[in-house]
Each structure stands twice: as C-alpha cells, then as structure tokens.
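Input: a single structure, listed below in structure tokens.
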Amino acid sequence: MRENLREGITGVRLEPVCSLHMNTIFCYEVLSLLAPDVSAEHFFRRISPVRAADIFIRQVRFIRTLFPSGCFTFNLPARALVSERLFKLICAELTPGVIIEIQDPETIVSMSGSERELLISHIFDVRKKGRDVWLDDITPAMIDFFLALDFPFKGVKTDRSALQRTPDKHDGLRCFIEKCCQLAPFVVVEGIETVQMKCRAYEAGASGGQGFLWPGKSIIYPY
Numbered sequence: 595m596r597e598n599l600r601e602g603i604t605g606v607r608l609e610p611v612c613s614l615h616m617n618t619i620f621c622y623e624v625l626s627l628l629a630p631d632v633s634a635e636h637f638f639r640r641i642s643p644v645r646a647a648d649i650f651i652r653q654v655r656f657i658r659t660l661f662p663s664g665c666f667t668f669n670l671p672a673r674a675l676v677s678e679r680l681f682k683l684i685c686a687e688l689t690p691g692v693i694i695e696i697q698d699p700e701t702i703v704s705m706s707g708s709e710r711e712l713l714i715s716h717i718f719d720v721r722k723k724g725r726d727v728w729l730d731d732i733t734p735a736m737i738d739f740f741l742a743l744d745f746p747f748k749g750v751k752t753d754r755s756a757l758q759r760t761p762d763k764h765d766g767l768r769c770f771i772e773k774c775c776q777l778a779p780f781v782v783v784e785g786i787e788t789v790q791m792k793c794r795a796y797e798a799g800a801s802g803g804q805g806f807l808w809p810g811k812s813i814i815y816p817y
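According to my numbering, the sequence shown is numbered sequentially starting from 595.
Below is the structure:
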C-alpha cells in the first residue's frame, strides 16, 4: 500500500449523469482514479478534510485544463465545508459549471446543531456565487431528517441501494423520490444498470440517472 496519498491517485474517472427526461448527458461526476495497488476502502478511510480539499482543488484545476466549459460534480466531505479555512480555499475554485457534491450525509446526521447551521450557511454562500451543492447517497432512512432541516440543496443523489431495495409494492420508490424532490429540484437515481431500471427510475419521478448503463471514462494525470 502506498503511504503517499497524493501518489495513490493516478487520474480521474468521469461518470456520466444523464437526464432521464431528455435522454442526454447532463454532467459528469469526477471521481479519483486510484493506482492498481491501492485499496479504495483503505485509501478513502484515511482521507482527512484537508486532504479531501487538496484532491478537490487538484481535480477542478485538471478538469478545467481539459474542459474549459461544461458541468462537473466534485465530491467533498461535509467536514471540509464547515472548516472556515478550507471553505475559503474551496470557494476560490468554484468556476462556472463546478458543482460540489457532499459525499457523506451520515456525517451531517452526526454533526452538532451549530455545525449543521454553519454548513447550511456555507451552502447558501455557495449558492450566492451562482454555484450549486448536491447531496450524495441519500437513503429512505435519512430523507426525513434532511427535510426537517430545510437544507438548500440544488440536487440530491439516491444511494445506489435504494433502487434495488425499495420495493415497487405500495409505490415505495415513488414515495421516496417525491420526498427527495421536496429536498432538491434535481433528483438523480444511482445504480442504474439496465434499461428496465432506467424506466423504473423515470416512472418514479427522478430527474436524472447514473450507473453502469452509461459507461464512464478514465483520464490519467500527466504529472
């Protein structure tokens, strides 16, 4: 296992986020491409908010050298957005088309009330700059918690397990998606692998989809 976290990342992986209504690619999620000898589970477990912010900045700058325009989402942990110092560094990189995707909703659940208030304030600050913040990996068990706090998210992504585990009986998936639509206007269902799953997400009211049905592509860092 490589000890240097920076060296463990060899590039980026671009995963399409597709509009289910228009059947076109809406944007790309930018993920870290790890070296073959690096365990993703162990690697990301060791990532601190400082290191996560560093990865975010590197990714944004690299993507903009390749794609001066276009829409891309970049993952950040919630703790990076409640640090005043890191938040300033992150905001400096928010060029048009950059979307922050908070990757760990469970961390927000465990935060203190004052930390959540600061997070909400910082999300509003991002929105004032004309940029968006999405919430990733929302589950049926979490949705009511976030609705009660009225977070100003522009988009939410469902946890990939929601599509597979939420039963059709009693319109379970549709009810979940309807709640997600109350939290944010753009709802992306993750984990779509087949046309049938895509249709199910569309019929449930989702705006977008992401998954193996739409292959991604990898780009190696030149340095």
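C-beta atoms are modelled at their ideal positions from N, C-alpha and C, and glycine is treated no differently.
Exercise. Work out the CA separation of Arg655 and Val782 for me, nearest whole Å.
Key: To locate residue 782, count along the sequence shown from 1; it is residue 188. To locate residue 655, count along the sequence shown from 1; it is residue 61. Cα-Cα distance, rounded: 25 Å.
Quiz prompt | Beta-carbon proximity of Phe780 to Gly749, cut-off 7 Å | solution = Taking the sequence shown and counting its residues from 1, the one referred to as residue 780 is at position 186. Taking the sequence shown and counting its residues from 1, the one referred to as residue 749 is at position 155. Yes, the Cβ-Cβ distance between Phe780 and Gly749 is below 7 Å.
Quiz item: If you count every other CB in all the chains shown that lies within 10 Å of the CB of Ala742, and 16 or more means buried, which is it?
Solution: Here residue 742 refers to the residue found at position 148 when the sequence shown is read from its first residue. Answer is exposed; the Cβ neighbour count stays below 16.
Quiz item: Since Lys792 sits in a beta bridge, which residues does DSSP pair it with?
Solution: Here residue 792 refers to the residue found at position 198 when the sequence shown is read from its first residue. Answer by DSSP bridge pairing: none, since Lys792 is not bridged.
Practice problem: Pair every Cβ in the segment 684-697 with every Cβ in the segment 733-740, then say whether three or more of these pairs are closer than 8 Å. | Solution: no
Self-check item: Cys621 and Val606 closer than 7 Å at C-beta
Solution: Residue 621 sits at position 27 when you count from the first residue of the sequence shown. Residue 606 sits at position 12 when you count from the first residue of the sequence shown. In this structure, Val606 does not lie closer than 7 Å to Cys621 by Cβ.
Quiz item: By Cβ distance, which residues of its chain are closer than 7 Å to Glu709, with the 5 residues on each side in sequence left out?
Solution: Taking the first residue of the sequence shown as 1, we reach residue 709 at position 115. Val676, listed in sequence order.
Quiz prompt | Selection from Ile714, Cys685, Tyr815 and Ile641 that minimises the alpha carbon distance to Ala744 | solution = Taking the sequence shown and counting its residues from 1, the one referred to as residue 744 is at position 150. According to the sequence provided, residue 744 is Asp. The question's Ala does not apply to it. Closest by alpha carbon: Ile714.
Quiz prompt | DSSP-derived helix/strand/coil call for Val783 | solution = Locating residue 783 in the sequence shown gives position 189, where the first residue counts as 1. Three-state DSSP puts Val783 in a strand.
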